[in-house]
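Q:
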Amino acid sequence: MASTRSSILQWSRGPLSSSSRPRLQCIYSAGSNLAGPAASFNQTKGPIQQQRTAVASANAAKYKRKEQSTAQKKKSKSPSFVYHDLRKIQQFALCDAMRYIRAFEVGSQRNPKYELHVRLKTLKNGPVVRNRLRLPHPVKTDVRVCVICPPGSKAEEDAKKAGAVLVGEDDVIDIIKGGKIEFDRCICHEDSLLKLNKSGIGRILGPRGMMPSTKTGTVVKDVVASIRDMTGGSEYRERMGVVRMAVGQLSFTPQELQRNIKAFMESLRKDMALISDKMSKELHEVVLSSTSAPGFSLNGEFKSADGIAPTEIA
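In terms of the UniProt record's numbering, the sequence shown opens at residue 1 and continues consecutively.
#1: Can you list, in chain order, the residues of its chain with a C-beta nearer than 8 Å to that of Ile89? Leave out the 5 residues immediately preceding and following it.
#2: Can you tell me whether Lys195 is helix, strand or coil according to DSSP?
#3: Does the separation of the CB atoms of Leu120 and Met279 fall below 8 Å?
#4: Return the residue from the list Val82, Ser251 and Gly209 that minimises the CA-CA distance to Asn111.
#5: Pull up the distance between the alpha-carbon of Arg132 and that of Met245, whole angstroms please.
#6: Please confirm whether Val118 and Val243 have their CB atoms less than 8 Å apart.
#7: If you follow the beta strand (DSSP E) that Leu283 is part of, which residue opens it and which one closes it?
#8: On a CA-only basis, which of Ala60, Asp96, Tyr114 and Gly107 is nearest Ala305? Give me that one, please.
#9: Cα separation between Asp271 and Glu115?
#10: Do you know whose CA, among Ala93, Phe264, Gln91 and Tyr100, lies nearest Arg130's CA?
#11: Among all the DSSP beta bridges, which residues are the ones paired with Val167?
#12: For Arg67, count the other beta carbons within 10 Å of its own beta carbon; 16 or more makes it buried, fewer makes it exposed. Which is it?
#13: From which residue to which residue does the beta strand (DSSP E) around Tyr114 run?
#14: Would you identify the three-state DSSP class for Gln93, choosing helix, strand or coil?
#15: Of the choices Lys281, Thr311 and Leu193, whose alpha-carbon is the least far from that of Met240?
#16: Could you tell me which residues DSSP pairs with Asn131 in its beta bridges?
#17: Rounded to whole angstroms, how far is the Cβ of Ser267 from the Cβ of Ile101, which I believe are closer than 8 Å?
#18: Can you check whether the CB of Val145 is closer than 8 Å to the CB of Arg185?
#19: If contacts are defined as beta-carbon pairs under 8 Å, then Ile187 and Ser226 qualify, I think. What distance do you get, rounded to the angstrom?
#20: When burial is assigned at 16 or more other CB atoms within 10 Å of the CB, is Leu9 buried or exposed?
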């Protein structure tokens, strides 16, 4: 018993007691078996004790601040897009914008087009504007059309005469399933709609926006008229609160471009009115650009007071 007390006293007065390192407390009887009942450990602190309360508290505080910051960012996320004040930016008349765009396109080897970008005041989540329009002065596009129709039918013959690059039914479906998509638009005759729905090619054409459907007007009875509208018409769709569409060739006169822009804006307003009961959409800004030129915000005027005459642009 005396030897046990002296052993405990020696441990408590040793250099470990004054050190910042964790203290080893071991209480045993001399000559006893450690595995036997005579062996005893301090159950409160254990044989080796390390306290990391401060470190754990610091980590907990760090993660807590991170969670609060993430929650605050999610909470402050606006449901609508950010809009700038049009009174603080320079805007141009149509003729002036055309003049600058043509200057940017000098020496271009491509066939540039005028593009109109219409920014809407709308929410991020909700129905979007989407339609097809045949402009008063069509924009030349190299659109390749695929027609799914019964083989040997009059629709197949008419589609080939109208300039469709791929016409048929089962063979066309097999080509699409093989991943060979060498067309830009796809329409389906009413008589082939049932086979189209059973084919399962929606998972291939759907992500590309080319799956025929009655909602988009690509399931038709008159194949020739549909091909004519596609090759001479233009599609537009709202993405991230902006509707974009090519509205003219660079060789268009200001009057021709003005008529195309007017027709596009009228069609866009009608589309917005159709979904007004679901969500409010308003026109915010109209920007004219081209393939290589920057965008010029339009002020709604055809010609400015100190600008050039429209005849100088033609």
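The C-beta atom is built at its ideal place from N, Cα and C for all residues, glycine as well.
A: Reading it off the structure:
#1: Here residue 89 corresponds to residue number 89 of the sequence shown, with the count starting at 1. The residues are Ser297.
#2: The sequence position of residue 195 within the sequence shown is 195, counting from 1. When DSSP states are grouped into helix, strand and coil, Lys195 belongs to the helix group.
#3: For the purposes of this step, residue 120 is taken as residue 120 along the sequence shown, with counting starting at 1. For the purposes of this step, residue 279 is taken as residue 279 along the sequence shown, with counting starting at 1. Contact: no.
#4: Reading the sequence shown from its first residue, position 111 is the one you call residue 111. Among Val82, Ser251 and Gly209, the Cα nearest to that of Asn111 is on Ser251.
#5: On the sequence shown, residue 132 is found 132 positions in, with the first residue counted as 1. On the sequence shown, residue 245 is found 245 positions in, with the first residue counted as 1. Approximately 10 Å between the Cα atoms of the pair.
#6: The sequence position of residue 118 within the sequence shown is 118, counting from 1. The sequence position of residue 243 within the sequence shown is 243, counting from 1. Against a cut-off of 8 Å, the Cβ pair of Val243 and Val118 comes out as a contact.
#7: Within the sequence shown, residue 283 is the residue found at index 283, counting from 1. Where Leu283 is concerned, the enclosing beta strand (DSSP E) starts and stops at Glu282 to Ser289.
#8: Numbered from 1 along the sequence shown, position 305 holds the residue referred to as residue 305. Nearest of Ala60, Asp96, Tyr114 and Gly107 to Ala305, Cα basis: Asp96.
#9: Residue numbering aside, residue 271 sits at position 271 when the sequence shown is read from its first letter. Residue numbering aside, residue 115 sits at position 115 when the sequence shown is read from its first letter. Each residue's alpha carbon lies about 19 Å from the other.
#10: On the sequence shown, position 130 is the one that residue 130 refers to. When only C-alpha atoms are compared, the closest one is Phe264.
#11: Residue 167 sits at position 167 when you count from the first residue of the sequence shown. By DSSP's assignment, Val167 forms a beta bridge with Val147.
#12: Looking up residue 67 in the sequence shown gives position 67. Reading off the sequence shown, one finds Glu at residue 67, where the question assumed Arg. The residue is exposed, with fewer than 16 neighbouring Cβ atoms inside 10 Å.
#13: Taking the first residue of the sequence shown as 1, we reach residue 114 at position 114. Segment Lys113 to Lys121, the beta strand (DSSP E) holding Tyr114.
#14: Counting from 1 along the sequence shown, the entry for residue 93 is found at position 93. In the sequence under discussion, the amino acid at residue 93 is Ala, which differs from the Gln named in the question. The DSSP-derived three-state label of Ala93 is coil.
#15: Looking up residue 240 in the sequence shown gives position 240. Looking from the CA of Met240, the closest CA among Lys281, Thr311 and Leu193 belongs to Lys281.
#16: One-based indexing of the sequence shown puts residue 131 at position 131. According to DSSP, which records beta bridges pairwise, Asn131 is partnered with Tyr236.
#17: Reading the sequence shown from its first residue, position 267 is the one you call residue 267. Reading the sequence shown from its first residue, position 101 is the one you call residue 101. Wrong, their Cβ atoms sit about 23 Å apart, outside the cutoff.
#18: For the purposes of this step, residue 185 is identified with residue 185 of the sequence shown, where counting begins at 1. For the purposes of this step, residue 145 is identified with residue 145 of the sequence shown, where counting begins at 1. Taking 8 Å as the Cβ cut-off, Arg185 and Val145 qualify as a contacting pair.
#19: Position 187 of the sequence shown, counting from 1, holds the residue named residue 187. Position 226 of the sequence shown, counting from 1, holds the residue named residue 226. The C-beta separation of Ile187 from Ser226 comes to about 5 Å, placing the pair in contact by the 8 Å criterion.
#20: For this step, residue 9 is matched to residue 9 along the sequence shown. Low per-residue confidence applies at Leu9: pLDDT is 47, beneath 50, and the placement is therefore not dependable, though the value from the model is reported in the following sentence. Exposed is the label assigned to Leu9, since fewer than 16 other Cβ atoms lie within 10 Å of its Cβ.
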